[in-house]
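Student: What follows is a single structure, and I will ask about it in a moment.
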Amino acid sequence: MPRDEVAHSDDAAPSASQKQPPREIELKLAASPEALETLRGADLIERHARNQGVTRRLDAVYYDTPDRLLDRNGLSLRVRRSGKRHVQTLKRSGSGSPLARDEWEVALPDGTLDLALLPLAEIGEPLASLSAGQLAPVFATRIRRRLRRLDYAGALIEIAFDDGTIEAGENSLPVSEVELELKEGEAAVLYELGLAMLDVAPLQVATQSKSARGYGLAFSRLPRAVKAKPVEIGAHDNADAAIAAILGNTYRQLLGNLAPVATRSGPEAVHQMRVSLRRLRSALSVLKREVASPAFEPIGREAKRLGHVLGPARNWDVFITQTVPDIEDEGLGDAGLSVLCKAAEPFQAMCYAAIEERLANPQTGRFLLSFGALIERRGWRGGLPSEAMTVLAEPASAFAERVLARTHRQALKRGRGFGSLQPEARHELRLALKKLRYTAEFFLPLHDGAAARKYLGRLSRLQEALGLANDAATTHHLIADLRHGKASPELQFAAGAVRGWQSRQTIEAGRKLKRRWRGFEAASPFWT
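Count the sequence shown with my numbering and you get residues 644 to 1171, in order.
Quick look at the structure:
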């Protein structure tokens, strides 16, 4: 089947009753002031510029209720002044493309907030029930914007070079970034222009809007870790749409955790970014067996590299926040285990510094932009033989059944002779089960029900039991690092207590393993 004949489940135009709100499609890239200056005069920009550009001073005030009702509902409301002109803008975070937000703009005769000028019936709650008197200023932005329009790869893009500040009371944050807003054309071009700009100056993919940063500043709030959401696959989708939905889902989780990890918002952020990369690698592994696209290879390679940098930090996080406290709670609180956490903190700090360095590396930026472009272009289609194109056109349900059946068989094969498996073989089985669980979760919307939940429950309990042995092995390596050199007697004693406790736990867990393995073996596949 020719490439242009692969059906899209989302190609149909919305009906009048499903009218889409106005949308802003924008890619944001963080840059140093020096990088901004380099890009402004770069040949890349000059060659594609439609105009000489303008420089504007943009002062904006953001409004909300005292209990942050708008923010809690994914809304931001501002009044921006540029010269003598005032514009009132409402934005709503979207659930689809990471580039898109709903946006409503209206001109104001003066700088006075006026909700009645917005299409409140279209926007809905909670804004529709509010009056301007219930809203108050929360923070402000003061931006100098240099604006140009580019004709690039068949698209019209407005490029804004922004520098300035976000201000909340006595506190402020610097702003130095590039915004690429799509005016006409395909969204993939934004990623492709971003990749071209990386050849000119160092940039980082930015996921926090000025509004999000302003709320964080005003309320001393760090960005929260983002967990995976259900993949949006429907019964009428084909395999091509399913692949786009799965990869897009992992991409949004990955992007959603960039800011939480960069700001060190807590152990959960590193954990969820690592989960997103594992989900991505699992998806690529099972999908390439059906659609052997060369476009998957570089994405998988870079995901693996980034995951390897996150791994050590995650291990120390678990050791400090879970392993040691849990053992203390179980009755070893008098063993002086806190000395282990104190000794582990420098190792943890070094691992976080390595993550920050990796996120700032242009190679990470290329990975994120290339991945976004792959999804927008559905780049896995390129160079595929006709039989693979036929696979892409088949119903998602048939595609899912085949992928799940094969991944299930592989896990069962890894577990043959379960009782006599050596540690390395059990580790490989644990990885196969993890891949199976992610795959089952990807396609769960097609088969959600009691049978699927029962299957996943058995799989989860087996993974948990196998994970205890892996956790003990990881702890063993961490303690060896802590003991290296002249460790104090207190640390040596605490380390021995942890090792002994985990050995006992591993033995007890081993008694349950065979029963849980048999339960999983007997589980009926929910996809048939």
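Cβ coordinates follow ideal geometry from the N, Cα and C atoms, glycine included.
Being a predicted model, the structure only gives us computed values, none of them experimental.
With which residues is residue 800 paired in a DSSP beta bridge?
Tutor: Against the sequence shown, residue 800 aligns to sequence position 157. Bridge partners of residue 800: 793 and 825.
Student: Throw me the rounded Cβ distance for the residue 1121 and residue 958 pair, which I believe falls under 8 Å.
Tutor: As a working note, residue 1121 is residue 478 in the sequence shown. As a working note, residue 958 is residue 315 in the sequence shown. So it is a contact: roughly 6 Å between Cβ atoms.
Student: Do you know offhand how far residue 906's Cα is from residue 866's?
Tutor: The count along the sequence shown starts at 1 and reaches residue 906 at position 263. The count along the sequence shown starts at 1 and reaches residue 866 at position 223. Near 8 Å, if we compare the C-alpha coordinates of residue 866 and residue 906.
Student: Can you give the Cα-Cα distance for residue 602 and residue 920, rounded to whole angstroms?
Tutor: Lying before the first or after the last residue shown, residue 602 is absent from the chain, which here runs from 644 to 1171.
Student: So what does residue 847 bridge to, in DSSP terms?
Tutor: Within the sequence shown, numbered from 1, the residue matching residue 847 stands at position 204. Note: residue 847 sits in a beta bridge opposite 673.
Student: In whole angstroms, what is the alpha-carbon distance linking residue 1055 and residue 807?
Tutor: Counting from one through the sequence shown, the residue named residue 1055 turns up at place 412. Counting from one through the sequence shown, the residue named residue 807 turns up at place 164. Whole-angstrom Cα-Cα distance: 58 Å.
Student: Roughly how many angstroms separate the alpha carbons of residue 1167 and residue 1096, rounded to a whole number?
Tutor: Sequence index remark: in the sequence shown, residue 1167 carries index 524 (1-based). Sequence index remark: in the sequence shown, residue 1096 carries index 453 (1-based). Spanning the two alpha carbons is a distance of roughly 11 Å.
Student: Figure out for me which residue from 781, 879 and 956 has the closest Cα to the Cα of residue 712.
Tutor: The sequence position of residue 712 within the sequence shown is 69, counting from 1. It is 781 whose Cα lies nearest to the Cα of residue 712.
Student: Look up residue 1188 in the DSSP assignment and give the residues it is bridged to.
Tutor: Residue 1188 lies beyond the stretch modelled for the chain, which goes from 644 to 1171, so this question has no answer here.
Student: I'd like to know whether the C-beta atoms of residue 728 and residue 703 end up nearer to each other than 7 Å.
Tutor: Here residue 728 refers to the residue found at position 85 when the sequence shown is read from its first residue. Here residue 703 refers to the residue found at position 60 when the sequence shown is read from its first residue. No. Outside cutoff.
Student: So residue 1134 and residue 935 are in contact, right, with Cβ under 8 Å, and what is the actual spacing, rounded?
Tutor: In the sequence shown, counting from the first residue as 1, residue 1134 sits at position 491. In the sequence shown, counting from the first residue as 1, residue 935 sits at position 292. Contact flag wrong, Cβ pair sits at about 51 Å.
Student: Measuring only the C-alpha atoms, how far is residue 1113 from residue 887?
Tutor: Residue numbering aside, residue 1113 sits at position 470 when the sequence shown is read from its first letter. Residue numbering aside, residue 887 sits at position 244 when the sequence shown is read from its first letter. Approximately 33 Å between the Cα atoms of the pair.
Student: To which residues of the same chain is residue 932 closer than 8 Å at the C-beta, ignoring the five residues directly before and after it?
Tutor: Residue numbering aside, residue 932 sits at position 289 when the sequence shown is read from its first letter. The answer, listed in chain order, is 1046 and 1049.
Student: Where does residue 749 sit, in a helix, a strand or coil, going by DSSP?
Tutor: Position 106 of the sequence shown, counting from 1, holds the residue named residue 749. Strand at residue 749.
Student: So, with DSSP's three-state summary, where would you put residue 969?
Tutor: Looking up residue 969 in the sequence shown gives position 326. It is helical.
Student: According to the Cβ coordinates, are residue 964 and residue 910 closer than 7 Å?
Tutor: Start at 1 with the first residue of the sequence shown, and residue 964 comes out as number 321. Start at 1 with the first residue of the sequence shown, and residue 910 comes out as number 267. Cβ distance < 7 Å, so residue 964 and residue 910 count as in contact.
Student: Please classify residue 1051: does DSSP put it in a helix, a strand, or coil?
Tutor: The residue you call residue 1051 lines up with position 408 of the sequence shown. Residue 1051 falls in the helix class under three-state DSSP.
Student: DSSP three-state call for residue 1038: helix, strand or coil?
Tutor: The residue given as residue 1038 occupies position 395 in the sequence shown. If DSSP states are grouped into helix, strand and coil, residue 1038 belongs with the strands.
Student: Look at the Cβ atom of residue 763, then the Cβ atom of residue 771, and state whether they are nearer than 7 Å.
Tutor: Here the question's residue 763 lines up with position 120 in the sequence shown. Here the question's residue 771 lines up with position 128 in the sequence shown. The answer is yes: Cβ separation under 7 Å.
Student: When the distance is taken between beta carbons, is residue 741 closer than 7 Å to residue 895?
Tutor: As a working note, residue 895 is residue 252 in the sequence shown. As a working note, residue 741 is residue 98 in the sequence shown. Against a cut-off of 7 Å, the Cβ pair of residue 741 and residue 895 comes out as a contact.
Student: Within the same chain, show all residues whose beta-carbon is closer than 7 Å to that of residue 900, passing over the 5 residues directly before and after it, in chain order.
Tutor: Reading the sequence shown from its first residue, position 257 is the one you call residue 900. Around residue 900: 868, 869, 912, 915, 916 and 919.
Student: Locate the beta strand (DSSP E) running through residue 731, then write down its first and last residues.
Tutor: Walking along the sequence shown from the start, residue 731 turns up at place 88. From DSSP, the beta strand (DSSP E) with residue 731 extends over 728-736.
Student: Name the two residues that bound the continuous alpha helix (DSSP H) containing residue 869.
Tutor: What you label residue 869 is simply residue 226 of the sequence shown in a count that begins at 1. Where residue 869 is concerned, there is no enclosing alpha helix (DSSP H), given that its DSSP letter is neither H nor E.
Student: Rounded to the nearest angstrom, what separates residue 690 and residue 884 at their Cα positions?
Tutor: Within the sequence shown, numbered from 1, the residue matching residue 690 stands at position 47. Within the sequence shown, numbered from 1, the residue matching residue 884 stands at position 241. Rounded to whole angstroms, residue 690 to residue 884 spans 36 Å at the Cα level.
Student: Pick helix, strand or coil for residue 936, following the three-state DSSP scheme.
Tutor: To locate residue 936, count along the sequence shown from 1; it is residue 293. Here residue 936 sits in coil by DSSP.
Student: Who are residue 820's beta bridge partners in DSSP?
Tutor: Counting from 1 along the sequence shown, the entry for residue 820 is found at position 177. Answer by DSSP bridge pairing, in chain order: 673 and 805.
Student: Could you spell out where the beta strand (DSSP E) holding residue 725 opens and where it closes?
Tutor: Start at 1 with the first residue of the sequence shown, and residue 725 comes out as number 82. Start and end: 718-725.
Student: Rank 810, 1060, 1147 and 789 by C-alpha distance to the C-alpha of residue 801 and give the top, closest one.
Tutor: Counting from 1 along the sequence shown, the entry for residue 801 is found at position 158. If we check each option's Cα against that of residue 801, 789 comes out closest.
Student: Contact defined as beta carbons within less than 8 Å: I believe residue 825 pairs with residue 838. What is the distance between those atoms, to the nearest angstrom?
Tutor: Here residue 825 refers to the residue found at position 182 when the sequence shown is read from its first residue. Here residue 838 refers to the residue found at position 195 when the sequence shown is read from its first residue. In fact, because the Cβ distance is near 15 Å, the residues do not count as touching under 8 Å.
Student: If you draw a straight line from the C-alpha of residue 831 to the C-alpha of residue 841, how long is it?
Tutor: By 1-based counting over the sequence shown, the position of residue 831 is 188. By 1-based counting over the sequence shown, the position of residue 841 is 198. If I take the Cα positions, the gap works out to 16 Å.
Student: Output needed for residue 995: all residues of its chain with C-beta closer than 7 Å, excluding positions within five of it in sequence on either side, in chain order.
Tutor: Position 352 of the sequence shown holds residue 995. Correct list, in chain order: 907 and 956.
Student: In angstroms with no decimal places, state the Cα-to-Cα distance between residue 1034 and residue 980.
Tutor: As a working note, residue 1034 is residue 391 in the sequence shown. As a working note, residue 980 is residue 337 in the sequence shown. So the alpha carbons of these two residues sit roughly 56 Å apart.
Student: Is it true that the segment 686-701 meets the segment 747-758, where meeting means three or more beta-carbon pairs spaced less than 8 Å apart?
Tutor: The answer is no - the segment 747-758 does not touch the segment 686-701, with fewer than three Cβ pairs under 8 Å.
Student: Which residues does DSSP pair with residue 698 in a beta bridge?
Tutor: The count along the sequence shown starts at 1 and reaches residue 698 at position 55. BP columns for residue 698 point to 789.
Student: Pop quiz: residue 968 and residue 819 are said to be a contact at Cβ under 8 Å. What is the actual Cβ separation, rounded to whole angstroms?
Tutor: Here residue 968 refers to the residue found at position 325 when the sequence shown is read from its first residue. Here residue 819 refers to the residue found at position 176 when the sequence shown is read from its first residue. In fact, because the Cβ distance is near 40 Å, the residues do not count as touching under 8 Å.
Student: Where does residue 1171 sit, in a helix, a strand or coil, going by DSSP?
Tutor: Within the sequence shown, residue 1171 is the residue found at index 528, counting from 1. It is coil, neither helix nor strand.
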